[in-house]
Each structure stands twice: as C-alpha cells, then as structure tokens.
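Chains as they are written, first to last, in UniProt numbering: chain A, 1 to 341; chain B, 1 to 475. Right, one structure below, let's go through it.
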Amino acid sequence: MTETAGFWLPVVWALLAATSIFLYICLDGFDLGIGILFLKEKDHDHRNLMVNTVAPVWDGNETWMIFGGAALYGVFPVAYGTILPALYLPVLFMLLSLILRGVSFEFRFKAESPMSQFFWDTAFCAGSFVAAFMQGVILGTLIQGIKVENNVFVGSSFDWVSPFALFCGLAVVIGYGLLGATWLLWRCEGELHDTMRRVSFGLGALMLITIALVSAWTPMLHTTYMQHWLAMPQLALVAPVPVAVVVLAGVLFFGLRNPRSHLLPFVATLGLFFLCFSGLGINVWPYIVPPTITIWQASSPPESQTFLLVGTMFLLPLILSYTAYSYYVFRGKMSAGHHYH
Amino acid sequence: MFGLSALFLARFQFAFTVGFHIVFPAFSIGLAAYLAVLEGLWLKTGRDAYLDLFKYWLKVFSVVFGMGVVSGLVMSYEFGTNWSAFAQKAGPILGPMLAYEVMTAFFLEAGFLGVMMFGLNRVGKGLHFAATCMVSIGTLISMSWILSSNSWMQTPRGYRVDEATGRFLPVDWWQIVFNPSFPYRLVHMGLAAFLCVAFIVAGVAGWHLLKARREGRQASEQVRLMFSMAMWMAAIVAPIQVLAGDTQGLNTLEYQPAKIAALEGDWDSESRAPELLFGIPDMKNETTHFKIAIPYMGSLILTHSLNGKVPGLKDYPKEDRPYSPLLFFSFRIMIALGMLMVLVGLWSLYLRWKGKLYDTPLLHRIALFMSPAGFLALLCGWVTTEVGRQPFTVYGLLRTTDSVSPIALPNIATSMIAFVVVYFIVFAGGITILLRTFAEEPHPDQHGPAEDQPQRAAGTTQVSHQPQPDAGMAE
Numbered sequence: 001m002t003e004t005a006g007f008w009l010p011v012v013w014a015l016l017a018a019t020s021i022f023l024y025i026c027l028d029g030f031d032l033g034i035g036i037l038f039l040k041e042k043d044h045d046h047r048n049l050m051v052n053t054v055a056p057v058w059d060g061n062e063t064w065m066i067f068g069g070a071a072l073y074g075v076f077p078v079a080y081g082t083i084l085p086a087l088y089l090p091v092l093f094m095l096l097s098l099i100l101r102g103v104s105f106e107f108r109f110k111a112e113s114p115m116s117q118f119f120w121d122t123a124f125c126a127g128s129f130v131a132a133f134m135q136g137v138i139l140g141t142l143i144q145g146i147k148v149e150n151n152v153f154v155g156s157s158f159d160w161v162s163p164f165a166l167f168c169g170l171a172v173v174i175g176y177g178l179l180g181a182t183w184l185l186w187r188c189e190g191e192l193h194d195t196m197r198r199v200s201f202g203l204g205a206l207m208l209i210t211i212a213l214v215s216a217w218t219p220m221l222h223t224t225y226m227q228h229w230l231a232m233p234q235l236a237l238v239a240p241v242p243v244a245v246v247v248l249a250g251v252l253f254f255g256l257r258n259p260r261s262h263l264l265p266f267v268a269t270l271g272l273f274f275l276c277f278s279g280l281g282i283n284v285w286p287y288i289v290p291p292t293i294t295i296w297q298a299s300s301p302p303e304s305q306t307f308l309l310v311g312t313m314f315l316l317p318l319i320l321s322y323t324a325y326s327y328y329v330f331r332g333k334m335s336a337g338h339h340y341h
Numbered sequence: 001m002f003g004l005s006a007l008f009l010a011r012f013q014f015a016f017t018v019g020f021h022i023v024f025p026a027f028s029i030g031l032a033a034y035l036a037v038l039e040g041l042w043l044k045t046g047r048d049a050y051l052d053l054f055k056y057w058l059k060v061f062s063v064v065f066g067m068g069v070v071s072g073l074v075m076s077y078e079f080g081t082n083w084s085a086f087a088q089k090a091g092p093i094l095g096p097m098l099a100y101e102v103m104t105a106f107f108l109e110a111g112f113l114g115v116m117m118f119g120l121n122r123v124g125k126g127l128h129f130a131a132t133c134m135v136s137i138g139t140l141i142s143m144s145w146i147l148s149s150n151s152w153m154q155t156p157r158g159y160r161v162d163e164a165t166g167r168f169l170p171v172d173w174w175q176i177v178f179n180p181s182f183p184y185r186l187v188h189m190g191l192a193a194f195l196c197v198a199f200i201v202a203g204v205a206g207w208h209l210l211k212a213r214r215e216g217r218q219a220s221e222q223v224r225l226m227f228s229m230a231m232w233m234a235a236i237v238a239p240i241q242v243l244a245g246d247t248q249g250l251n252t253l254e255y256q257p258a259k260i261a262a263l264e265g266d267w268d269s270e271s272r273a274p275e276l277l278f279g280i281p282d283m284k285n286e287t288t289h290f291k292i293a294i295p296y297m298g299s300l301i302l303t304h305s306l307n308g309k310v311p312g313l314k315d316y317p318k319e320d321r322p323y324s325p326l327l328f329f330s331f332r333i334m335i336a337l338g339m340l341m342v343l344v345g346l347w348s349l350y351l352r353w354k355g356k357l358y359d360t361p362l363l364h365r366i367a368l369f370m371s372p373a374g375f376l377a378l379l380c381g382w383v384t385t386e387v388g389r390q391p392f393t394v395y396g397l398l399r400t401t402d403s404v405s406p407i408a409l410p411n412i413a414t415s416m417i418a419f420v421v422v423y424f425i426v427f428a429g430g431i432t433i434l435l436r437t438f439a440e441e442p443h444p445d446q447h448g449p450a451e452d453q454p455q456r457a458a459g460t461t462q463v464s465h466q467p468q469p470d471a472g473m474a475e
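Here you go:
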C-alpha cells in the first residue's frame, strides 16, 4: 500500500506540477509577450490597448508562478532546495523583472509626465523581456543538468552562462513574442491587428528555427536523453512530436495567411508550446533535477503529498472554472476608443 | 563554512523583503473588507456617497494589490534561494500550507479582481458585489494560512523528526494547522490590518477636512462619511486590539518565555517584577542600563497578578537568547502607537457625542499625522515576534544558522543590492501614485479605475457586439 503510494503520488504530482507550469507558460506567456512587443509597437494608444487586453486577468496569470513555487516547496522540497540555489542569479533577475513589469501595469496608466510615461513603458518592456529570457535560461540550465551532491547544489553560480541555456533564453523570448502577437491579432482590430499579423509571420519562422535547433541540441547534452531517441518504448513517445510540430506549423501559417482566421494562429501557437513542453518533459523524465535527482528522490513524504492532493482535486477544477469565467466576462474584440458597428 | 556574513545578509534580505511585502497584504486585507462594506451599504441603502467612496478606494486597491502580488512572488522563491536547508527540512510541513494558501486564496483574489475592478457594468450589481466579497474573503483566507505557517514555526506541533534526513514530517495536520499560538496571532494580525486601513482612511479624510476648512468651505459628504467610518473603527477596534494583544502576550509567556524576557529587558526571573518604561538592554553584560521602572506592573501586565513570576533571560543559555535591545524597543513602539490609537478613538467618540467630529481641526491634524501609525505598529509587532523567535527558525528545534543555503557571499550581496534598488524604485513610484490619488477629494459621481483613462475604459469594457460606448463603472 505505502509502496504503491510512494510510487504513484510523485508521478501524479509530477503531472500536476507539469500541468500548472504549462498553464503558467501559456497564460503569462502572452502576457509577457505583450511587453516584448512594445519593442515593435511604439504608438501610445496601441500600447494602452495591448495592455488593456490583459489588465483584468494578469494577476491571475502570475499567480500560477507563485503556485509553482509553493507546490514545488511542498511536494518536491529537495528539488526546490537544489534548483533555486543553483539558479540563484537567473531566478533573482526573473523575479525583479516581474516586479518591475507588474507594477508598470498600474503605474504606466497613472503616469502624468512624458518622462515617467517613458520610464514605466521601458520598465514594462524590459521587465517582460528579461523575465522571459531568464525563464528560458532556467529551463535550459535545468535540461543541461545541475551539479548536486547529497541533495546540496555544488556547482558554480555561473553554470547558467552556457551557450545552450542562453539560446533557450532567446527561444523563450521569441516564443512568448509569438504568443503575444497571435493573442493580440485575435483580440484586436484594425491597424494593430494588421501589424500583429505581419509580426507573427516573422516570429513564427524564427520560432520554428529555434525549435529545430533546441531539438537537435538536447539529445547531445546527456546520454540518457540520447537513449530516448534510440530505445524503443520512449521512441514511440517522442517520434510523433516532430511530425506534429510540422503539422501545427502548417496550421499556424495557414491561419496567418487567411485574413478571416483570427483565433487559429493563437491556438496553433499554444499547440506548438504544448509539443515543445511535452517533448522536453519526455526527455527529462523521470528526473526533476537532471541528471541526478528523480521525482521520487525529491519528494516530500506521502503524508504531505496526500494532504495537498486531496484539496487540489477539488480546488484546481474550481480555480480553472472561475478563471475561465473571468476570461468570459472580458471576452471579445477591443478597440482604442473608436466605436465600430 | 560561508561564515556569519552570508547568514547575516540572508537574514537582512529576508527582513527587508518581508517587511516591504507585509505592508501590502495588510493594506489589501483591510481595504478589501472596507470595499465590501462600502458596496454592501450602497446596495442596501442606495446612498450614492457609498458608491463614490467605493470607486475612490478601488483605485487605491488596484495599486496596493499589484504591489502585494509582485513582492509576494519573491517570498515564495526566497525560501529556496536563501534558505534551502530550511526549505528541505520544513518543506514537508510548510510547503503544503503555502500551496493551500495559493489555491484557496491567491487564485480567488486574482480571479475575481478583474471583475471587481472593471466589471460593474458587465455582470450586474449582485454578481459584482459577490466578486468584491470573494476578493475580501480571499485576503482573509490567505492571512489565515500564512499565519498558521508562521505560528507553526513559533509553536511547532503535530510533527516528528526523521532521523536520517533531519526533516520535519507531518503526523497530525489538525495539530499543525491549529497550533497553540495560531488563533491569537490570527486575531491580532486581522485587527491590525483593519486598524492600518482605518488610520489611512482617517488620514486622507483628515487632510481633506483641513483643506476644506482652510478654503472656507465644507468638505464633501464623502469625506465626512469616510472620516466618520474610520473613527468608528478606531473607537471600536483599537480597544479590542489591546485585549487581543494582551492574550497573545499570555500565550507567548506560556510557549516562548525567552521572547517575553527579551522584550521586557528582564535578566533575572522574579515575582512582583517591575515594568520598564525605558532601558538599554546589554546582551554582553547581561543587564539593562538606564532603567525607568514602574513597580509591580511587569507581573501585573504579563500574568494578571501582582505576585506573578516573570521569566528572565539568564534562565536561558547565552546561545538561545533573542536579541533584547531590538525587541525591547520594537515592542514599546508598538504599544505606544496602540495606546495613541485608542486615545484617538475615545476622543472621537466624545467629539461625536458633542456633535463636533467634523469641526475639530486638531483631531483632523492628529489623524493626518497618525495615518501611517497602523503600519508602523504592525511592522514593530512583526519585528518583535520574529526577532523574538531567534536564534531559531523552527522554535527550539532548528537553528537559523542551520537553515541557510550554501550560497556564496557575492551572490547574496548582489541580490541584496538589486532588491534594495528595485524596491526603492517601486516603492517611490507606488507612494507617488497613492499620494496623487489621495490628493483628489472624493466627490459625487466619483470616477472608478476604469473611467479614469478613456482608453482603458474603452479597452476593457467595449465589446464589438455591445456597440454603445461604455460609461465605465457609472450606473
């Protein structure tokens, strides 16, 4: 009984943790993407409109990241206590960037002088960019592996400054940019919609290139990753992923080229994110701190995992339903002060 | 092996980030409740001034809540970055509680915040009021979980220690969550949050009352209404808070007597102990200099009996003593501010009875001067209880020196500087915006957060299948 609980609880929690991280990536992804797209869109009214598309929901989006931290702490404390010291500086830069961009949401609307407007717009853009970049670096460093002995991090503070991790940072910036652009082309009309459709073409192409490079690079990092591509049961799981990426890329560009298609590019981009995320997950499995600590070794005792699981089974569906309600209340196209119809 | 400095910086950083953070949740807890009351009264009485005040304070809430979210984000990762040994050992107990806090409270607040901020026209009055209540309930649930976790660190129960790893493992979740100091701490903190907001509201109202008087006119109905509400809170809640603080003191005496000895600056355990009004505790020479004392009062306050025995720091080994010089003053500042709040509340009752509540500039000036009093008292209270827990993170069981991460000094020094710089920018920005908001007098047909910015109103409320231009939150 305890034996099976000891096996299955961490598996269930790994899936739940993966789900909430994926939800965070999707939700805060377009949110951060909007900040990144400030680089491209300079018009003040358009910028306000872009921020308005997420103003009622961004607090909730960011809450998934707090949940990720708290759940990791409660369910996989060994992972929490080794990953965070190993990624000290990237995590620090990410958190500070999220703070700056978070307050800029409110502050940029209340700025009175052009100076402070410029300051908080820059903080919003730079904060979003750096937060996204650091999230990619964190992901890349994790995949690349963390030096651990006796559950204590023993690597150096700058292990994350590696070509692979930095490239992952860039990949995430591009990916979030695409999510943001396709979100905006869905939620906006007129000139902004057209701009975002154009931008999406370029970002889509860049994203496909980065996916190809990261996919080719990852198996070379560790022999265990390589084995996933050579041994049979895992190969059956990973082999369809590249095929599906090609299909979804086709759907994305079809949607972008078809002027009547508004929602499709966003959905296709979410699909691409899902494929990348699950592809990396299959690669890393069953490690939570590659290449040494598995989900079972990182787990808190079954008493803790059960206590949290009981509530999560009821609360997670509830959270998802009222989050969906909030999105439903603020649905539909938005425009900058003009009425149409 | 990284010596005292990395530990000291990790502690300083935690104190700095949590001290910065705590102000905003406390503000949110009190303000969300105030907003729910205002909207409820508006729906019940139909008096428009309540709605005007609701919209006025809603703008403040949007800034305060956002700052709370982002500064809280740091806290949920700081346990791992700076206190990884603590995180690994106490994670099985504290981690699930924090995860429950996020699931039962943070999502609830964030999920309904959008509707509360921008949705009055979209969902109707009833549903909108429900959303406001959800946000308020969310803040209260959040407070309960975080205080339960904190109280477990002060008075741990329901655990066993795994010998192989040194980890705390849960045995009885009921005992963990409802540990002995939790109920007292919860009540004390909840009342503190309400008082914080009461005095901010009173201060803003006081400023507008003074300004109106200087301009030779009467302040708006909204200003007088909010001043009256704030003074009711001061008159009723401040005395209750004194009683709540007293019971928490008794609880601390029972479970953490060393903390009491340190905050009183008492070195020798004695009956009929005096209460020190002033003194400079000296940890090295085990004495308190320059004492000004009231005989018997120490025993009377702490034990409710003249003969009660009060603990002294010499009862405890040197390495187990909390740092008295800091506690002694943080505790006394908190008490002094609490007493001032009670006096203001009582005086306002007298003036109200005399019908002079809005015509006594001295009260308004004192209210203005005391607007940060609640927050100062709150911070002093937290310093008292947290520094009083030292030198342990889990009281009596896990030392602070054994809780810290194996981080290099340059890393933590870098992060400390970065936090200070970013927090000062953010804090300065936030204060500027709040002060600018407060400078505007609440008035009839008050604009809400949506209507303030035409682009924003259109952006968040106009939908292509609802062609009419939107009137923001106005009904």
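Positions of the beta carbon are idealized from the N, C-alpha and C atoms, including for glycine.
Across the set B:Gly-396, B:Phe-12, B:Phe-8 and B:Ser-5, the C-alpha of B:Phe-12 shows the shortest separation from the C-alpha of Phe-419 (chain B). In terms of Cα proximity to Phe-93 (chain A), the closest of B:Met-103, B:Tyr-77 and B:Trp-42 is B:Tyr-77. Three or more beta-carbon pairs separated by less than 8 Å are not found between the segment 84-102 of chain B and the segment 26-34 of chain A, which leaves the two stretches without contact. Under the three-state reduction of DSSP, Thr-224 (chain A) is assigned to helix. Counting other Cβ atoms within 10 Å of its Cβ, Asn-285 (chain B) stays below 16 and is therefore classed as exposed. Taking all protein chains in view, the Cβ of Gln-227 (chain A) is surrounded by fewer than 16 other Cβ atoms within 10 Å, so the residue is classified as exposed. Using a CB distance cut-off of 8 Å, Gly-175 (chain A) does not count as an interface residue toward chain B.
Under the 8 Å Cβ criterion, the segment 45-64 of chain B does not count as touching the segment 137-151 of chain B, having fewer than three qualifying pairs. In this structure, Leu-73 (chain B) sits near Ile-66 (chain A), with a CB-CB distance shorter than 8 Å. Thr-182 (chain A): member of the alpha helix (DSSP H) spanning 163-187, first to last residue.
Within chain B, the residues Gly-80, Ala-87 and Gly-91 have their CB atoms less than 7 Å from the CB of Tyr-80 (chain A), given in chain order.
Residue environment: Ser-113 (chain A) is assigned as exposed (fewer than 16 neighbouring CB atoms within 10 Å of its CB, all protein chains considered). Pairing Ile-260 (chain B) with Pro-274 (chain B) gives a Cβ-Cβ distance that is not under 8 Å. Bounds of the beta strand (DSSP E) holding Pro-281 (chain B) are 275-282. In the structure shown, Arg-399 (chain B) falls within a strand segment according to DSSP collapsed to helix, strand and coil. For chain A, none of the residues of the segment 137-156 of chain B brings a beta carbon within less than 8 Å of one of its beta carbons. DSSP, reduced to helix, strand and coil, places Thr-247 (chain B) within a helical segment of the structure shown.
With fewer than three CB-CB distances shorter than 8 Å, the segment 172-190 of chain B does not count as touching the segment 311-319 of chain A. Neighbours of Phe-105 (chain A) in chain B, taken as residues at a C-beta separation under 8 Å, are given in chain order as Gly-66.
Uninterrupted alpha helix (DSSP H) stretches at least 4 residues long and entirely within the segment 343-404 of chain B occur at 361-369 and 373-387, given in chain order. The beta-carbon distance between Val-64 (chain B) and Ser-28 (chain B), rounded to whole angstroms, is 6 Å. This is short enough to meet the 8 Å contact definition. Per DSSP, the beta-bridge partners of Ile-292 (chain B) are B:Phe-278.
Linking Leu-49 (chain A) to Leu-179 (chain A) through their CA atoms gives a straight-line distance of about 16 Å. With at least 16 other beta carbons inside 10 angstroms of its own, Ala-367 (chain B) counts as buried. Every beta strand (DSSP E) stretch that sits fully inside the segment 153-180 of chain B and reaches 3 residues is listed by chain position as 159-161 and 168-170.
The segment 337-356 of chain B and the segment 234-253 of chain B touch, with no fewer than 3 CB-CB distances between them shorter than 8 Å. Collapsing the DSSP output to three states places Ile-282 (chain A) in a helix.
For the segment 107-120 of chain A, the beta-carbon criterion of a distance under 7 Å to any beta-carbon of chain B is satisfied by Phe-107, Phe-109 and Lys-110. Looking only at A:Phe-330, A:Ser-215, A:Leu-89 and A:Thr-224, the smallest Cα-Cα distance to Phe-158 (chain A) is reached by A:Leu-89.
The DSSP-derived three-state label of Val-154 (chain A) is coil. For Lys-354 (chain B), same chain residues with a beta-carbon under 7 Å away, outside a window of 5 residues either side, do not exist.
Neighbourhood of Gly-429 (chain B) in chain A, by CB distance below 7 Å: Val-103 and Phe-107, in chain order. Scanning the segment 39-69 of chain B from its first residue to its last, no whole alpha helix (DSSP H) run of 4-plus residues comes out. Between the alpha carbons of Ser-20 (chain A) and Arg-352 (chain B) lies a distance of about 54 Å. DSSP places Glu-149 (chain A) within a strand segment (E or B) once states are collapsed to three.
Annotated as distal: Met-97 (chain B) and Thr-312 (chain A), with beta-carbon spacing of 8 Å or more.
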